[in-house]
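Residue numbers (the UniProt record's numbering): 1 to 322.
Inspection log for the structure reproduced underneath, given as structure tokens.
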């Protein structure tokens with residue numbers, strides 16, 4: 001057996017990559033070597049350590065109990081090496097905030113407000129990733145995520161930003177084209193049968209949920225439908241006059257206030273799910289995370305207050321459509 005002091009740093013990087021992907025082929029692609037070369041590096045390291053790091057099974061591999069412990073320590077060591085190198089070259093990441101956000105939340109709510117945070121804390125460099133997938137904090141580079149759900153995220157700290165509140169919206173022009181001069185006070189959810197309903201593959205139950213809540217479930221079988229691959233696209237289609245989208249009020253509030261869209265129905269369907277600020281429960285907050293949390297929680301509270309006030313004064317808002 002070769003001395004453990006001769007362990008190759010590159011081999012450790014390859015093993016960490018294979019453990020993260022649970023696949024030698026993907027690890028090879030990441031490290032720019034073949035899957036066979038990954039396997040050889042792993043085998044050589046296992047011979048040195050005298051225990052198996054991986055259980056092989058077809059294309060997929062899994063860590064042995066000893067491998068789990070070993071890779072965890074290797075990952076920590078590699079992160080310290082990278083941090084030390086960046087600090088030595090003046091590239092410390094202490095000021096870089098890395099967040100993962102749902103695409104529609106980012107586009108419709110976060111991005112219009114983010115310049116306020118940047119102006120308030122110019123020393124914090126933002127790196128924003130948009131994805132519908134959730135990440136494992138232990139193996140990802142993110143400091144925090146904005147997730148949608150019921151708040152039950154095992155082993156993670158979750159703080160509610162605001163809950164979902166569904167309401168149908170369409171362009172003011174389309175509304176009057178279809179219903180003419182019908183008084184707004186006489187418009188009911190059943191009138192949606194005359195419009196095209198804009199659906200989303202990522203929010204498949206929203207129309208069914210809202211129409212059921214409004215007592216107009218039969219509309220689903222009578223109205224025309226168009227399907228989009230995201231909520232964001234259905235909202236843009238509503239703005240373009242293609243039909244009615246059922247949307248979270250927090251996402252569409254600015255369009256409604258500017259009268260680009262109208263929300264004609266007094267029925268507001270509060271959902272039990274919502275958007276949460278999520279972070280590792282074991283990791284102490286750094287200054288950058290704490291500042292961002294304080295800021296986004298305050299912005300979310302302001303949004304909720306505005307929505308509550310607008311819902312309470314619904315009849316006044318709807319007069320603008322007449």
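Cβ atoms here follow ideal geometry from the backbone N, Cα and C, with glycine treated the same way.
None of the values given here were measured: they were computed from a predicted structure.
Under a three-way DSSP split, which group does residue i fall into?
| i | result |
| --- | --- |
| residue 205 | coil |
| residue 305 | helix |
| residue 281 | coil |
| residue 80 | helix |
| residue 300 | helix |
| residue 115 | helix |
| residue 137 | coil |
| residue 37 | helix |
| residue 54 | strand |
| residue 218 | coil |
| residue 258 | coil |
| residue 67 | helix |
| residue 105 | helix |
| residue 25 | helix |
| residue 153 | coil |
| residue 253 | helix |
| residue 1 | Any reading at residue 1 needs caution, since the residue's pLDDT is 45, under 50, leaving its predicted position unreliable; the model's value is listed next. Three-state result, residue 1: coil. |
| residue 213 | helix |
| residue 320 | With a pLDDT of 37 at residue 320, under the threshold of 50, the predicted position of this residue should be treated as unreliable, and no value is reported. |
So is residue i buried or exposed if we call it buried at 16+ other beta carbons inside 10 Å?
| i | result |
| --- | --- |
| residue 265 | buried |
| residue 170 | buried |
| residue 67 | buried |
| residue 161 | buried |
| residue 71 | buried |
| residue 243 | buried |
| residue 62 | exposed |
| residue 302 | exposed |
| residue 316 | Its pLDDT being 34, under 50, residue 316 is placed unreliably by the model, and nothing is read from it. |
| residue 181 | exposed |
| residue 116 | exposed |
| residue 281 | exposed |
Considering just the uninterrupted stretch of the beta strand (DSSP E) at residue i, what are its terminal residues?
| i | result |
| --- | --- |
| residue 168 | 156–171 |
| residue 98 | 96–101 |
| residue 185 | Per DSSP, residue 185 belongs to no beta strand (DSSP E) and is neither H nor E. |
| residue 125 | 125–130 |
| residue 19 | Residue 19 -> not in any beta strand (DSSP E); alpha helix (DSSP H) instead, spanning 9–21. |
| residue 245 | 244–248 |
| residue 198 | 196–200 |
| residue 32 | Run containing residue 32: none; DSSP gives neither H nor E here. |
| residue 228 | 224–228 |
Does the separation of the CB atoms of residue i and residue j fall below 9 Å?
| i | j | result |
| --- | --- | --- |
| residue 158 | residue 147 | yes |
| residue 240 | residue 196 | no |
| residue 192 | residue 247 | no |
| residue 299 | residue 80 | no |
| residue 155 | residue 286 | no |
| residue 254 | residue 233 | no |
| residue 53 | residue 15 | yes |
| residue 249 | residue 307 | yes |
| residue 289 | residue 214 | no |
| residue 109 | residue 235 | no |
| residue 140 | residue 102 | no |
| residue 168 | residue 183 | no |
| residue 94 | residue 128 | no |
| residue 18 | residue 38 | yes |
Taking 9 Å as the CB-CB limit, is residue i close to chain B?
| i | result |
| --- | --- |
| residue 41 | No chain B appears in this structure, which consists of one protein chain only. |
Kindly indicate the opening and closing residues of the alpha helix (DSSP H) around residue i.
| i | result |
| --- | --- |
| residue 263 | Where residue 263 is concerned, there is no enclosing alpha helix (DSSP H), given that its DSSP letter is neither H nor E. |
| residue 239 | 231–239 |
Touch check for the region 221–240 and the region 268–287: three-plus C-beta pairs under 8 Å? no
I want to know whether the region 28–42 touches the region 95–104 - three or more CB-CB distances under 8 Å. no
Are there three or more Cβ pairs, one per stretch, closer than 8 Å when the region 168–185 is compared with the region 254–271? yes
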